[in-house]
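Heads up: the sequence lines are chains A and B, in that order. Final position of the first sequence in UniProt numbering is 204; the numbers increase by one with none missing. Final position of the second sequence in UniProt numbering is 204; the numbers increase by one with none missing. The beta-carbon is built from N, C-alpha and C at its ideal position, and this holds for glycine as well. Report on one structure; see the data block that follows.
There are 2 protein chains.
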Amino acid sequence: MMEQKHPYLRKDERRAMIAEAARGLILEKGYAALRTRDVASRVGINPSTLHFHVPTKASLVALVAETTRESFLALLPPAPDPARPALVQLRAETTAYHDSLRDHPELAACFAQLRQIAGTEPEVAELLDTFTQAWCQRYVEILTIGLTQGVFRADLKPLPAALALTGALTAFGPRAPDGLAMFWPVFDEIERGFLAAPPHRGEG
Amino acid sequence: MMEQKHPYLRKDERRAMIAEAARGLILEKGYAALRTRDVASRVGINPSTLHFHVPTKASLVALVAETTRESFLALLPPAPDPARPALVQLRAETTAYHDSLRDHPELAACFAQLRQIAGTEPEVAELLDTFTQAWCQRYVEILTIGLTQGVFRADLKPLPAALALTGALTAFGPRAPDGLAMFWPVFDEIERGFLAAPPHRGEG
DNA sequence: TCATGAATCAACCATATGATTGATTTCTGG
DNA sequence: CCAGAAATCAATCATATGGTTGATTCATGA
Numbered sequence: 001m002m003e004q005k006h007p008y009l010r011k012d013e014r015r016a017m018i019a020e021a022a023r024g025l026i027l028e029k030g031y032a033a034l035r036t037r038d039v040a041s042r043v044g045i046n047p048s049t050l051h052f053h054v055p056t057k058a059s060l061v062a063l064v065a066e067t068t069r070e071s072f073l074a075l076l077p078p079a080p081d082p083a084r085p086a087l088v089q090l091r092a093e094t095t096a097y098h099d100s101l102r103d104h105p106e107l108a109a110c111f112a113q114l115r116q117i118a119g120t121e122p123e124v125a126e127l128l129d130t131f132t133q134a135w136c137q138r139y140v141e142i143l144t145i146g147l148t149q150g151v152f153r154a155d156l157k158p159l160p161a162a163l164a165l166t167g168a169l170t171a172f173g174p175r176a177p178d179g180l181a182m183f184w185p186v187f188d189e190i191e192r193g194f195l196a197a198p199p200h201r202g203e204g
Numbered sequence: 001m002m003e004q005k006h007p008y009l010r011k012d013e014r015r016a017m018i019a020e021a022a023r024g025l026i027l028e029k030g031y032a033a034l035r036t037r038d039v040a041s042r043v044g045i046n047p048s049t050l051h052f053h054v055p056t057k058a059s060l061v062a063l064v065a066e067t068t069r070e071s072f073l074a075l076l077p078p079a080p081d082p083a084r085p086a087l088v089q090l091r092a093e094t095t096a097y098h099d100s101l102r103d104h105p106e107l108a109a110c111f112a113q114l115r116q117i118a119g120t121e122p123e124v125a126e127l128l129d130t131f132t133q134a135w136c137q138r139y140v141e142i143l144t145i146g147l148t149q150g151v152f153r154a155d156l157k158p159l160p161a162a163l164a165l166t167g168a169l170t171a172f173g174p175r176a177p178d179g180l181a182m183f184w185p186v187f188d189e190i191e192r193g194f195l196a197a198p199p200h201r202g203e204g
């Protein structure tokens with residue numbers, strides 16, 4: 001049952017371990033307290049071995065950003081489909097995000113941390129902007145589909161509506177997995193605001 | 001026109017300068033890159049003088065948080081008033097926030113930076129939570145007033161609606177003062193979702 | 001004016017920190 | 001099995017960093 005002391009691993013395997021360790025440390029102590037030594041220690045390797053796999057701290061951050069994005073993308077539902085009911089797709093898309101907050105809170109929380117350093121790390125800023133835009137675009141498409149299906153009020157504008165929805169949902173990122181109590185009430189409220197008013201049947 | 005080399009200032013004046021310098025550095029380089037030496041240098045004082053006014057780095061962060069909150073509060077409009085039209089107050093409240101992003105982008109951006117260290121600085125977390133809740137509560141009250149005035153749809157729930165609105169608007173914080181182009185489209189979209197449907201006049 | 005306290009500074013300390021160097025161990029293709 | 005490539009480590013470097021100490025300068029009221 002003894003673990004090997006020094007299992008030599010392939011570079012990509014070691015980099016995956018490094019990324020996970022760094023992400024964990026960022027979540028626990030914040031990016032400001034991220035130390036390459038601590039990452040190496042958590043992985044169980046020498047600091048110089050860390051530098052062999054990840055030459056600089058900036059590249060370590062880039063690695064964390066890339067792997068986090070990939071993990072996030074893997075959790076998304078199928079792309080919007082004009083043939084399926086928009087309300088179902090909207091609910092599925094939001095559920096996927098909700099479940100990611102519940103089951104993998106480290107992803108959104110890590111993004112929230114990385115967003116703070118986007119101002120000084122153009123590579124990270126580019127990655128986050130691209131991801132955020134792509135994520136918002138999925139909602140834009142679902143809302144557009146819904147408009148053609150007539151399930152949303154006719155004056156709904158997909159882009160502002162998608163920005164409002166993703167903005168509101170993003171606010172839950174740093175609070176997950178606790179603090180999700182208001183997630184569905186908030187979503188439901190926004191959704192009610194999107195829906196077409198049912199036909200009037202006299203004054204109530 | 002020569003500046004005095006060593007103008008001895010009162011403690012509160014110096015602390016105000018220190019807070020402003022620290023906030024500026026946090027915005028320019030991120031909290032992770034905040035150095036007490038850089039703060040002292042920007043103020044134009046010796047690092048040990050900085051420690052005389054602000055004994056630890058943690059207290060420096062607390063000072064920044066407190067002064068930022070006070071500056072923010074000073075920009076808010078009068079408290080919600082049941083006697084005034086809710087839509088006017090809602091617009092005024094949001095305009096005050098928008099103008100704060102436009103004219104004092106450092107305030108919201110600083111809050112966004114501080115939020116990432118809330119996990120390790122309970123004092124900062126407490127301050128941010130209190131402020132955020134108080135800010136959201138203002139919208140809750142305005143929306144509640146609007147319900148009694150009948151300007152919002154009857155099934156609107158003030159707290160989820162306020163969380164949705166503040167969440168969506170908060171997303172603009174780190175993007176100010178540029179990146180405000182979608183601010184009003186997003187707000188208008190949310191507001192349309194809040195409004196009571198106008199009386200039907202037959203199928204359109 | 002002058003004693004007292006407040007504010008400031010130069011020098012320094014102990015440690016943290018990202019990174020490098022060169023030797024050592026393990027893996028792998030032939 | 002063996003030689004070269006890949007991965008790892010111990011030791012070290014140069015600097016960054018938060019904080020301390022004790023002397024010095026300035027402001028202020030008696």
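- Query: T120 (chain A) versus chain B: which residues are under 9 angstroms apart at the beta carbon?
  - Reply: Along the first sequence, read from residue 1 onward, the residue named residue 120 (chain A) stands at position 120. E28, K29, G30, A32 and A33, listed in chain order.
>> Tell me the DSSP secondary structure of F152 (chain B) in three-state form.
In response: Mapped onto the second sequence, residue 152 (chain B) falls at position 152. DSSP, read as helix, strand or coil, puts F152 (chain B) in strand.
| message | Buried or exposed for R69 (chain A), going by 16 or more other Cβ atoms inside 10 Å? | response | In the first sequence, the residue the question calls residue 69 (chain A) occupies position 69. By the C-beta density criterion, R69 (chain A) is buried, having at least 16 other C-beta atoms within 10 angstroms.
- Interface residues of chain A facing Q113 (chain B) [CB-CB closer than 8 angstroms]: What you label residue 113 (chain B) is simply residue 113 of the second sequence in a count that begins at 1. Proximity of chain A to Q113 (chain B) at the Cβ level (cut-off 8 angstroms) is accounted for by Q116, in chain order.
Between F72 (chain A) and chain B, is the shortest Cβ-Cβ distance under 8 angstroms, so that the two count as touching? On the first sequence, position 72 is the one that residue 72 (chain A) refers to. Not one chain B Cβ lies under 8 angstroms of F72 (chain A).
Practice prompt. Assuming C110 (chain B) contacts I26 (chain B) (C-beta within less than 8 angstroms), just tell me the rounded distance between them.
Written response: Working through the second sequence from its first residue, we reach residue 110 (chain B) at position 110. Working through the second sequence from its first residue, we reach residue 26 (chain B) at position 26. About 6 angstroms; that satisfies the 8 angstroms criterion.
* At which residues does the alpha helix (DSSP H) containing H51 (chain B) begin and terminate? -> Mapped onto the second sequence, residue 51 (chain B) falls at position 51. Segment P47 to H53, the alpha helix (DSSP H) holding H51 (chain B).
Cβ-Cβ separation, Y31 (chain B) to A65 (chain A) (assumed contact under 8 angstroms), whole Å: As a working note, residue 65 (chain A) is residue 65 in the first sequence. As a working note, residue 31 (chain B) is residue 31 in the second sequence. Actually they are not in contact, since the Cβ atoms of A65 (chain A) and Y31 (chain B) sit about 18 angstroms apart, beyond 8 angstroms.
- Message: Alpha carbons only, please: which of A:A96, A:G179, A:R153 and A:R10 is nearest the one belonging to L195 (chain B)?
- Response: Here residue 195 (chain B) is taken as the residue at index 195 of the second sequence, counted from 1. A:R153 is the residue among A:A96, A:G179, A:R153 and A:R10 whose C-alpha sits nearest the C-alpha of L195 (chain B).
- Report yes or no: is there a C-beta of chain B within less than 8 angstroms of the C-beta of M1 (chain A)? Within the first sequence, the letter at position 1 stands for residue 1 (chain A). Model confidence at M1 (chain A) stands at a pLDDT of 35, short of 50, so the residue's coordinates are unreliable; what they give is reported in the following sentence. Among the residues facing chain B, M1 (chain A) is not included, as its CB has no counterpart in that chain under 8 angstroms away.
Problem - Burial state of S100 (chain A), where buried means 16 or more other Cβ atoms lie within 10 Å - result: Working through the first sequence from its first residue, we reach residue 100 (chain A) at position 100. So S100 (chain A) counts as buried.
Practice item. Give the DSSP-derived three-state secondary structure of L195 (chain A) in the structure shown. Key: For the purposes of this step, residue 195 (chain A) is identified with residue 195 of the first sequence, where counting begins at 1. DSSP places L195 (chain A) in strand when its eight states are reduced to three.
| said: If the cut-off is 8 angstroms on Cβ atoms, which residues from the stretch 146-160 of chain B count as contacting chain A, listed in chain order? | reply: R153, D155, L156, K157, L159 and P160
- Alpha carbon to alpha carbon, what distance is there between A125 (chain B) and E13 (chain B)? The sequence position of residue 13 (chain B) within the second sequence is 13, counting from 1. The sequence position of residue 125 (chain B) within the second sequence is 125, counting from 1. Their backbone Cα atoms lie some 26 angstroms apart in a straight line.
Report task. Could you say which of A:P160, A:L163 and A:A197 lies nearest to D155 (chain B) if we only look at CA atoms? Result -> Here the question's residue 155 (chain B) lines up with position 155 in the second sequence. Per the Cα distances, A:A197.
(request) Just list the alpha helix (DSSP H) runs in the UniProt domain "HTH tetR-type" (12-72) of chain B, keeping only unbroken ones of 4 residues or longer that don't cross its boundaries, in chain order. (result) 36-43 and 47-53, all fully within the UniProt domain "HTH tetR-type" (12-72) of chain B.
**Segment contact, 8 angstroms Cβ cut-off, at least three pairs: the stretch 155-175 of chain B with the stretch 178-197 of chain A** = With a cut-off of 8 angstroms, the stretch 178-197 of chain A and the stretch 155-175 of chain B count as touching, because enough Cβ pairs lie within range.
Tell me, please, whether the CB atom of T130 (chain B) is closer than 8 angstroms to any CB atom in chain A? Walking along the second sequence from the start, residue 130 (chain B) turns up at place 130. False, the Cβ-Cβ gap to chain A never drops below 8 angstroms.
Please state the DSSP three-state secondary structure of G146 (chain A). In the first sequence, residue 146 (chain A) corresponds to position 146, counting from 1. Helix, per DSSP.
Notebook entry, point to check: Measuring CA to CA, which of B:A108, B:A83, B:S59 and B:A92 is closest to P77 (chain B)?
Noted result: The residue you call residue 77 (chain B) lines up with position 77 of the second sequence. Here the closest residue by C-alpha is B:A92.
Spatial neighbours of E20 (chain A) in its chain, beta-carbon cut-off 7 angstroms, leaving aside the 5 residues before and after
As a first step, residue 20 (chain A) must be located in the first sequence, where it is residue number 20. The answer is none, since no qualifying residue turns up.
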